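Each residue of the sequence shown is one higher than the one before, starting from 253 at the first, in the numbering used here.
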Amino acid sequence: MTITSLLASPVKIEQVSSKLLQPIYNGDQPVSTTMSVPLTVFDRLAYDQYVPSLYAYKPPNPSNALLQQGLRRALSEYREWAGRFGRDDDGQTVVLLNDEGLRFIEASADCTLDQAMPFTVPTFLQLSPSFEGVKELALVQVTRFTCGSLVLSFSSNHIVADGVLMSKFMISWAQACRGVEICPRPLHDRNIFVPRNPSNIQFDHRSFEMTKRKLKNDPMMPRYSQDDLVHQVLHCTPEFIAKLKSKASSCFPDVDNGGLRTTYSTFECLVAHLWKVISRVRGLPDSQTTYVKISVNGRRRLSPRIPDEYFGNVVLWAYPETNGKDLTNESLRQTTTKIHEAVAKGLMPLHTDHMTVPSLWPNVEVQSWLGFPFDDIDFGAGKPFTVTPSFDPWEGQIYLVRSVAGDGSIDVHVTLFQQQLALFEQICYNID
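Listed below in structure tokens is the structure:
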């Protein structure tokens, strides 16, 4: 088990060039650039922000020209990324399939990749482009290091599609660079979620409901600024995970489980542990209500099931909730049970107001990348040796990322205030 505090000095990264890349189509048949794609209810409720992900590769690596050519081929199947937001005749936001292009940025670093790792917060911010005033729906930055290693940054507007589709796109881009057929191809039929007149119910939503939650400046929240935020990485070994799951499992036969001992998933146990640790680090008052906001891939929850290749958002949320006193005093098993029951009970799409403070206090939010097939993102010289979310500037934000080492370990990426680090490092691996 290792813990990494990303506070060191940043490296210098210089952007060398910036251009728009349009799709390349096979055949002589012209492609219409006047079509548009409507947004579904899931798209409209998604975060209106760009979500960067980083993929690091050791040499030898493909040239920038090959990466661009493969990217243009992949965009012919994922046209939305080359489009722009617009309005339809009813004034509703749509994605215009106008092929204006995806932003492609070439950059260089003044050091080796080993010298730059682990990435500090300033380095994270340099490895992805700025999103201020951006009209493109997706952006790529390729940063090359003096050792021949490179880091690919792919950033996309969450309103267009979710993380599941993002991982599918990265695989397709890699396939195109290797000169193989893009397979499977994305499913573009968003009409499965578009309201009809008269209405035609095709999906069972009985266990789902809409909710709107406001994130506001709580008077009890610590008075820290965005400059105080740090990115923390916990490396959880298979041994630690096994110990955690054993601690969270019930000790007695469960009548509702056929007389067997109740066990919980790795995800549920990790989230319960992190929720307890972060709440303790924050010094959460006994009477303070707190929830953990858990994102779940809705493709497998709706009936009929939505294909994984669906191009769009199908994110649902669960909200296990308790108070500071109970969270502190109850066992890991009791907290894990709360999470398990909240996810099993039912999920809901969510609309969240724009955040005006750099903290989710008193709550936490968890994004799981545990199921993403990063091993398949091979541009011709092998899989990435590191995959990481970029810095997310909200205290209490958590990403779970399965290690590309393939040994069953998990990297937990947590955003905290620097003033919380000492206690967090002291207790983060304590499960006694």
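Note that CB positions come from ideal geometry on N, CA and C, so glycine has one too.
Predicted, not measured: the structure shown is a model, and the values here were computed from it.
Asked, Found
"In angstroms with no decimal places, state the Cα-to-Cα distance between Thr345 and Pro290.", "7 Å"
"For Glu491, count the other beta carbons within 10 Å of its own beta carbon; 16 or more makes it buried, fewer makes it exposed. Which is it?", "exposed"
"When the Cβ atoms of the segment 627-635 are set against those of the segment 538-547, are three or more pairs found closer than 8 Å?", "no"
"How would you call Leu272, buried or exposed, if buried means at least 16 neighbouring beta carbons within 10 angstroms?", "exposed"
"Quick check: the Cα distance between Ala359 and Leu568, rounded to an integer number of angstroms?", "36 Å"
"With DSSP as the reference, identify every bridge partner of Ser620, one or two as the case may be.", "Leu652"
"Does the separation of the CB atoms of Met418 and Ser408 fall below 8 Å?", "yes"
"Taking buried to mean at least 16 other C-beta atoms within 10 Å of its own C-beta, is Ala500 buried or exposed?", "buried"
"Please determine, among Arg442, Thr292, Gln484, Arg396, the residue with the shortest C-alpha to C-alpha distance to Pro648.", "Residue 648 is actually Gly in this sequence, not Pro. When each option's Cα is compared against that of Gly648, the closest is Gln484."
"Would you call Gly335 buried or exposed, if buried means 16 or more other Cβ atoms sit within 10 Å of its Cβ?", "buried"
"Measuring straight from C-alpha to C-alpha, what distance separates Leu377 and Glu617?", "21 Å"
"Are the beta-carbon atoms belonging to Leu496 and Val664 less than 8 Å from one another?", "no"
"Does DSSP put Val664 in a helix, a strand or coil?", "strand"
"Just to confirm, is the Cβ distance from Val392 to Phe383 under 8 Å?", "no"
"Leaving out five residues before and five after Pro312 in sequence, what residues of the same chain have Cβ atoms less than 6 Å from its Cβ?", "Ala633"
"Since Val340 and Ser288 are thought to touch, with beta carbons under 8 Å apart, how far apart are those beta carbons, to the nearest angstrom?", "One detail in the question is off: residue 340 reads as Asp in this sequence, not Val. Contact flag correct, Cβ pair sits at about 6 Å."
"For Ile679, I'd like the list of residues in its chain whose CB is within less than 8 Å of its CB, leaving aside the five on either flank, ordered along the chain.", "Val529, Arg532, Val533"
"State the start and end residues of the unbroken alpha helix (DSSP H) segment that holds His236.", "No answer is possible for residue 236: it lies beyond the span of the chain, which begins at 253 and ends at 684."
"In whole angstroms, what is the alpha-carbon distance linking Asn443 and Gly564?", "11 Å"
"Under DSSP, the alpha helix (DSSP H) around Pro490 begins and ends at which residues?", "490-500"
"Go ahead and pull the three-state DSSP assignment for Ala298.", "coil"
"Identify the residues that DSSP records as bridge partners of Leu306: which are they?", "Ser405, Thr640"
"CA-CA distance, Trp333 and Gly550?", "22 Å"
"With DSSP as the reference, label Leu318 as helix, strand or coil.", "helix"
"Distance check for Ala298 and Lys387, CA to CA, integer angstroms please.", "17 Å"
"Kindly indicate which residue of Val548, Trp613, Tyr562 has the alpha-carbon position closest to the one of Val595.", "Val548"
"Could you tell me which uninterrupted beta strand (DSSP E) segments, each at least 3 residues in length, are contained entirely in the segment 329-357, listed from first to last along the chain?", "336-339, 345-348"
"Take the Cβ of Gly576 as the centre, count every other Cβ of all protein chains shown within 10 Å, and call the residue buried at 16 or more, exposed below.", "buried"
"Would Arg325 be called buried (16 or more neighbouring beta carbons within 10 Å of its own) or exposed?", "buried"
"Leaving out the 5 sequence neighbours to the left and right, which residues in its chain are closer than 8 Å to Ile434 when beta-carbon positions are compared?", "Arg325, Ala326, Glu329, Ser424, Gln427, Ala428"
"How would you call Pro282, buried or exposed, if buried means at least 16 neighbouring beta carbons within 10 angstroms?", "exposed"
"By Cβ distance below 8 Å, which residues in the same chain neighbour Phe615 in space, the five residues on each side in sequence not counted?", "Rather than Phe, the amino acid found at residue 615 in this sequence is Asn. Thr542, Tyr543, Val544, Lys545, Gly648."
"Does the distance from the CB of Glu520 to the CB of His592 come in under 8 Å?", "yes"
"Thr518 to Glu352, Cα distance in whole Å?", "43 Å"
"Give a yes or no on whether the C-beta atoms belonging to Ser611 and Leu652 are separated by under 8 Å.", "no"
"Suppose contacts are defined by Cβ-Cβ distances below 8 Å. Is Phe397 in contact with Thr364 by that definition?", "yes"
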